[in-house]
Every structure is written in structure tokens, then in C-alpha cells.
Ligand SMILES: Nc1ncnc2c1ncn2[C@@H]1O[C@H](COP(=O)(O)OP(=O)(O)O)[C@@H](O)[C@H]1O
Ligand SMILES: [Mg+2]
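Residue numbers (our numbering), protein chains in the order written: chain A, 92 to 342; chain B, 464 to 725.
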């Protein structure tokens with residue numbers, strides 16, 4: 092059996108059992124609504140467009156935050172790879188920041204920017220930046236000396252060497268860094284939205300919970316999970332695989 | 464002389480930060496168009512010597528002059544081919560060979576030059592292929608085309624066929640010989656294979672180890688193609704083997720001494 096078919100079959104069985112359990116009254120509909128109720132809540136949300144607006148709002152924050160995170164992360168990674176002093180000082184700070192879940196910055200961000208877009212985007216940026224930094228740093232440091240030597244014998248040096256050889260050679264790490272930055276940023280965004288004002292997927296999740304609409308809570312959770320998995324597997328893992336193959340790292 | 468190596472010394476620092484002689488008092492003159500092999504046991508400093516001619520490694524003392532210019536840094540007048548084909552995986556074959564030309568000439572001119580050199584290494588049909596789609600031998604031919612495309616005075620080759628299987632290596636020997644005859648390039652060819660050096664070169668510089676010194680400078684005057692002069696090759700091989708035997712014994716002795724002292 093193909094993995095894809097196995098996977099579909101697995102989900103069909105899980106959802107089927109869940110539905111059967113709900114029907115048989117094994118648990119209360121208030122604690123765990125049935126798949127059918129979740130589906131209905133999703134359909135309603137899409138029909139009255141609230142979920143659509145939420146998705147658009149969430150993605151806008153994510154794209155802005157992630158783009159800034161990738162830009163800062165790349166620049167900082169290059170700096171750490173190129174300057175030993177920066178690596179010894181800023182490098183240790185980056186490691187410390189990376190081990191702090193970015194949502195803990197939210198209280199400070201709210202103080203600085205007020206409770207709004209900027210505070211959430213700030214948290215998203217912090218979520219994605221440091222993991223990108225660390226990957227770019229390692230990527231540049233790991234460029235095969237052979238490529239550098241070869242390029243130098245062909246008259247390349249300085250900025251030309253960096254842009255034409257060192258950066259492209261570290262692309263596999265840039266891709267991995269971006270994939271992880273996306274994953275961290277996505278989590279940070281949801282956490283931030285849970286604690287702030289709407290629209291947004293996270294905000295609707297909390298709003299639904301406040302009004303005891305458990306079907307919508309689970310519905311939004313499903314959307315968050317599906318988006319996370321689809322972007323990771325269909326976009327990033329594919330790019331990563333083809334890059335690893337082309338860069339000859341799969342031997 | 465086209466290449467002059469004068470009183471060249473190289474020291475590296477070992478783990479205890481003490482200087483170790485890797486190359487000692489190397490003096491060599493190489494004429495334009497010569498095919499010279501540098502032969503010696505592993506660790507005798509062949510790669511270091513070649514890297515110094517390339518300008519990738521600085522000498523501790525002494526100097527290297529190529530075409531009347533003192534070597535201080537790498538330059539396009541000296542092309543280099545490494546044991547691992549150092550072609551860039553993110554570029555296709557055409558782009559790889561174009562790399563050293565991109566600032567020197569128009570794209571159109573560069574493309575023509577690249578086509579010419581791909582033909583020379585018999586890879587005309589692979590211009591749009593990426594390195595991961597090529598065999599090791601083909602990758603190495605791309606590297607050779609790339610080095611030759613910038614029209615260097617000297618081609619430096621550091622065990623270029625060392626990582627290839629026997630059959631591929633034999634085929635590439637013939638191709639390289641042909642290329643050398645056609646282009647009249649000066650070639651400095653590092654190898655630790657005695658038969659390879661005899662098959663290809665006009666001259667064999669035999670090096671000893673610890674420190675690296677020139678043991679012998681042997682002119683090979685067997686007519687080409689050498690494949691038809693097996694007897695002469697064999698004789699020469701035995702002579703060089705005798706020279707190197709002492710060196711290899713030296714390495715083995717040192718290693719034994721090292722092991723027993725630990
Ligand atoms: N960057 C370096 N630092 C310290 N020692 C080195 C370095 N490069 C080479 N060596 C030493 O110099 C010696 C000669 O190396 P190399 O030129 O690579 O030899 P070969 O190519 O003949 O095998 C070896 O003993 C090696 O360990
Ligand atoms: Mg070597």
C-alpha cells in the first residue's frame with residue numbers, strides 16, 4: 092500500500108471512531124464535540140466569512156513577520172559567521188534568545204507597541220529570527236574549503252567570492268533555517284493571537300472558547316494544524332529534498 | 464624558465480605549536496610546455512607545493528616565479544584541478560565553465576569559449592546538466608574544462624584522477640595527453656602513482672618525505688603513446704620504486720616508533 096493511501100485510511104478510521112464514540116455517548120458533546128459538529132462549525136465560519144478574514148489577517152502578520160525575521164536572521168547569521176568577536180559576544184546572546192519561547196516577549200511588546208498588530212508581529216519576528224541566524228551561521232561556516240580554493244584560483248575574492256560561491260554553497264542551510272523559522276513563527280503567531288484582539292485564527296479560537304463554542308475551537312485547531320503540516324511538507328520539505336540532492340549532500 | 468621555484472621552504476605548526484618542516488629547500492625549473500609529474504608518498508608535501516604555486520598557500524621562505532611574475536596570490540594564469548572535482552553544484556556545466564570568464568568577456572564570447580572546451584573534454588551534450596547528474600569522471604572533465612577555459616599558462620593538477628576507478632582513469636589519461644598535445648600547456652601533475660607519472664610526463668620529480676625534498680629529477684624519454692612501450696615503462700618503474708622504497712620504509716619506521724612510544 093502506498094504511504095499516502097495508508098495515511099488517508101488512518102485518518103478516516105480515527106475520525107470514524109471519534110464519530111462513533113460521540114454517537115454512542117461515550118463522552119459529552121460539550122467536552123468533545125463530534126466531527127460532524129466540528130465540520131458544521133467550520134462551514135458556518137466559512138459561509139459568514141469570519142474564518143476567511145481570520146485566515147487573511149493571520150497570514151498577513153505571518154508574512155510580514157517572517158520576511159523580517161528571515162532578513163534579520165540572514166544578516167545576523169552572516170555577521171556571526173564572519174566575525175569571531177561578534178560570534179563570541181552576540182552569538183551567545185542569540186543562543187540564549189533562541190531558548191526562550193518568543194511568546195514571553197508579548198508583555199514587553201504590548202508595553203512598547205500597545206496591544207495591536209505591531210506587538211504580535213514583533214513576537215513573530217522574534218520567533219523566526221534566531222533559528223534562521225543559527226542556521227545561516229553554521230551554513231556559511233560549513234562551506235567546503237574546496238569550493239573557496241577553486242573559486243580563488245579562478246580569480247574570485249572578497250565580495251564576489253561571498254555572493255557567487257559562499258552564499259549559494261550554504262543554500263541547503265538557508266532552506267532548513269527558513270523551514271524552522273516558519274514553524275517557530277507560526278507557533279508564535281498563534282500564541283500571540285490567542286492573547287490579543289482580532290481578527291485572526293488564534294483570536295477566534297479564544298473567542299469561541301469564551302462562548303463555549305467547542306466545535307469552532309476544534310475546527311480552528313484543525314485549520315492551524317493542517318496549514319502547519321501542509322506548508323511544512325508540501326513546500327519546505329520538498330524544496331529541502333531537491334536542494335539536498337542537487338547540492339550532493341545525500342550521498 | 465617558465466616556472467622557477469627558488470629555495471622554497473614551508474613550515475607548519477604542529478599540535479604543540481612547534482614548527483615542522485614540510486618542504487625543505489625546494490629548487491625547480493620548469494620549461495614552457497613541459498608535462499611534469501610530482502611523485503611522492505602521501506604526506507610529503509605535494510599538495511602544499513602545488514598550492515603554493517597556485518598562490519593559495521604562502522611560503523615560509525623562498526619564492527616562486529611563473530612567467531616572470533612572482534607568485535603572491537591566486538590568479539587566472541594558473542588553473543587548478545583538485546582530487547575532488549570542485550565544480551559548483553548549484554550551477555549547470557555551462558555555468559560552471561563560464562565562472563572564470565564572466566568578468567572578462569561578453570556572455571556570447573564566453574559561451575563560445577565554453578562550448579569549445581566542453582568539446583575538448585567530450586561533454587558537448589552535457590552543457591545543461593547539473594553536477595549531481597554526472598559521474599565522477601565526467602565531473603572531473605568539467606573541472607578540467609573550467610580550468611583550461613580561462614587559458615592559464617600553467618595547469619596545476621593535484622591527484623586529479625585519484626578518486627576514479629581504473630577504467631575511467633585510463634580513459635582520462637589518454638584524454639589529458641591529447642589535450643596537452645593540442646594546447647601545449649605547461650602541466651604540473653601531482654600523483655602518488657608511479658605508473659601514472661611515467662605514462663603521462665616528460666619529467667618526474669620524485670619527492671622524499673619528512674621533510675619534503677626533491678630526491679630525483681627524472682627525464683622520461685619514452686616515445687608517446689607510452690602504452691606501446693611497456694618494457695621501458697616497467698624498467699623506469701622499478702628504478703623509481705627503488706628510490707621510493709627507502710622513503711616508504713622511513714614512514715613505516717616512524718609510525719612504528721610512534722606506536723611503541725605511546
Ligand atoms: N594547514 C596545515 N596545517 C598543518 N599541517 C599541514 C597543513 N596542511 C598540510 N599539513 C601537513 O603537511 C604535510 C604535507 O601535506 P600535503 O602537502 O597535503 O601532502 P601530500 O599532498 O603529499 O599528501 C602533512 O604532514 C600534513 O599533515
Ligand atoms: Mg595531497
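Where is the CB? At the ideal position from N, CA and C, for every residue including glycine.
- If you ignore the 5 residues before and after residue 295 (chain A), its C-beta comes within less than 8 Å of the C-beta of 136, 141, 142, 145, 289, 307 and 311, all in its own chain and listed in chain order.
- Looking at the backbone, the Cα of residue 648 (chain B) and that of residue 318 (chain A) are separated by about 60 Å.
- Residue 475 (chain B): member of the beta strand (DSSP E) spanning 466 to 476, first to last residue.
- The beta carbon of residue 613 (chain B) sits closer than 8 Å to some beta carbon of chain A.
- Taking the C-beta atoms as reference points, residue 489 (chain B) is found no nearer than 8 Å to residue 617 (chain B).
- DSSP places residue 626 (chain B) outside both helix and strand once states are collapsed to three, so it counts as coil.
- Taking C-beta atoms as the reference points, residue 701 (chain B) and residue 671 (chain B) fail to come closer than 8 Å.
- Under the DSSP assignment, residue 575 (chain B) falls in the alpha helix (DSSP H) whose first and last residues are 570 to 583.
- Under DSSP, residue 526 (chain B) takes part in a beta bridge, and its partners are B:469.
- Closest in alpha carbon position to residue 610 (chain B), among B:510, B:545 and B:501, is B:545.
- For residue 575 (chain B), no CB of chain A lies under 8 Å from its own CB, so it is not counted at the interface with that chain.
- For residue 251 (chain A), the uninterrupted alpha helix (DSSP H) run begins and ends at 249 to 252, by DSSP.
- The Cβ atoms of residue 583 (chain B) and residue 642 (chain B) lie closer than 8 Å to each other.
- At a cut-off of 8 Å between C-beta atoms, residue 519 (chain B) counts as an interface residue with respect to chain A.
- Annotated three-state conformation of residue 228 (chain A) is helix, per DSSP.
- For residue 465 (chain B), no Cβ of chain A is located within less than 8 Å of the residue's own Cβ.
- With fewer than 16 other CB atoms across the displayed protein chains lying within 10 angstroms of its CB, residue 340 (chain A) is exposed.
- Residue environment for residue 624 (chain B): buried (at least 16 other C-beta atoms within 10 angstroms of its C-beta).
- Contact of residue 539 (chain B) with chain A is assigned, a C-beta pair being separated by under 8 Å.
- Counting only Cβ-Cβ distances below 8 Å, residue 238 (chain A) has contacts in chain B at 549 and 551, in chain order.
- Taking 4 residues as the minimum length, the alpha helix (DSSP H) runs contained wholly in the segment 482 to 560 of chain B are 509 to 517, in order along the chain.
- Shown here, residue 605 (chain B) sits in a helix according to DSSP, grouped into three states.
- The contact set of residue 593 (chain B) on chain A, defined by CB atoms closer than 9 Å, consists of 337 in chain order.
- Within the segment 269 to 299 of chain A, no residue has a Cβ lying closer than 9 Å to any Cβ of chain B.
- The straight-line gap separating the alpha-carbon atoms of residue 698 (chain B) and residue 692 (chain B) is approximately 10 Å.
- Between residue 504 (chain B) and chain A, the shortest Cβ-Cβ separation is not below 8 Å.
- Under the three-state reduction of DSSP output, residue 654 (chain B) falls in the strand class.
- Residue 704 (chain B) carries a helical assignment under DSSP once its states are collapsed to helix, strand and coil.
- The continuous alpha helix (DSSP H) containing residue 266 (chain A) extends over residues 262 to 285.
- Taken in chain order, the members of the segment 246 to 270 of chain A whose beta-carbon sits within less than 9 Å of a beta-carbon on chain B are 246, 247, 248, 251, 255, 256, 259, 260 and 262.
- Residue 170 (chain A) sits away from residue 219 (chain A), with the two beta carbons spaced by 8 Å or more.
- DSSP, reduced to helix, strand and coil, places residue 677 (chain B) within a strand of the structure shown.
- Separation of residue 227 (chain A) and residue 320 (chain A) (C-alpha to C-alpha, rounded to the nearest whole angstrom) is 24 Å.
- Assignment of residue 684 (chain B) by DSSP, reduced to helix, strand and coil, places it in the coil class.
- For residue 620 (chain B), the enclosing beta strand (DSSP E) stretches over residues 617 to 621.
- Across the structure, residue 207 (chain A) and residue 258 (chain A) are spaced so that their CA atoms are roughly 36 Å apart.
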